């Protein structure tokens with residue numbers, strides 16, 4: 308734990324099927340937040356309990372959701388580093404200054420999306436739709452990444468990427484077939 312950092316709680320595991328917090332856990336719980344999760348054997352979806360700062364069982368709702376639609380969302384400066392965003396619809400979204408480093412964007416719809424100043428270092432753009440996307444000033448974007456997209460039709464790119472891409476991969480700039 309970092310000193311002087313406020314925490315909402317903690318999470319740790321127990322090696323066996325006993326999830327009852329021992330005295331050492333209770334001392335720690337009383338000093339740090341009000342939501343403490345203990346994961347226990349056999350480590351499946353039901354093998355956990357949540358406790359408050361006094362060691363009483365606390366109900367905690369867990370959501371198992373898949374985000375599919377961020378169309379026109381304002382995600383300026385959002386941190387998606389390392390996330391799996393495969394197939395998600397970001398059409399006309401604002402992703403300015405977003406951190407998309409090592410993000411899986413396979414088959415993602417980024418049509419008309421503003422990515423000015425975003426970090427795309429190591430992002431997987433295979434099959435991504437970048438039609439009319441604004442990629443001016445994107446950080447850590449390579450020709451290799453862009454060569455794997457579905458389309459760059461009417462996309463805005465810096466000349467250092469646009470010129471070699473049009474030369475090596477002109478099909479990316481053609482009007483997509485419906």
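Residue numbers (this note's numbering): 308 to 485. Positions of the beta carbon are idealized from the N, C-alpha and C atoms, including for glycine. Quantities reported herein were computed from a predicted structural model and do not represent experimental measurements.
Alpha-carbon to alpha-carbon, residue j and residue i
i: residue 312; j: residue 399; result: Only weak support is given to the placement of residue 312: the predicted model assigns it a pLDDT of 49, under 50, and the value that follows is read from those uncertain coordinates. Approximately 37 Å, taken between the alpha carbons.
i: residue 336; j: residue 317; result: 8 Å
i: residue 323; j: residue 355; result: 12 Å
i: residue 416; j: residue 469; result: 20 Å
i: residue 321; j: residue 375; result: 35 Å
i: residue 478; j: residue 438; result: 13 Å
i: residue 436; j: residue 463; result: 13 Å
i: residue 361; j: residue 315; result: 14 Å
i: residue 408; j: residue 445; result: 11 Å
i: residue 426; j: residue 466; result: 18 Å
i: residue 325; j: residue 457; result: 51 Å
i: residue 319; j: residue 450; result: 43 Å
i: residue 424; j: residue 350; result: 41 Å
i: residue 397; j: residue 476; result: 24 Å
i: residue 363; j: residue 404; result: 42 Å
i: residue 421; j: residue 377; result: 13 Å
i: residue 430; j: residue 410; result: 5 Å
Classification of residue i by the beta-carbon crowding that lies within 10 angstroms, buried from 16 upward
i: residue 483; result: exposed
i: residue 419; result: buried
i: residue 461; result: exposed
i: residue 358; result: buried
i: residue 328; result: buried
Which of helix, strand or coil DSSP assigns to residue i
i: residue 406; result: strand
i: residue 474; result: helix
i: residue 318; result: strand
i: residue 467; result: helix
Original post:
Curious, which full-length alpha helix (DSSP H) runs of at least 4 residues does the segment 327-378 contain?
Top reply: 330-338
Original post:
Does the pairing of the segment 361-369 with the segment 387-395 give three or more beta-carbon distances under 8 Å?
Top reply: no
**OP:** Would you list, in sequence order, the uninterrupted alpha helix (DSSP H) runs of no fewer than 4 residues that lie entirely inside the segment 377-463?
**Re:** 450-453
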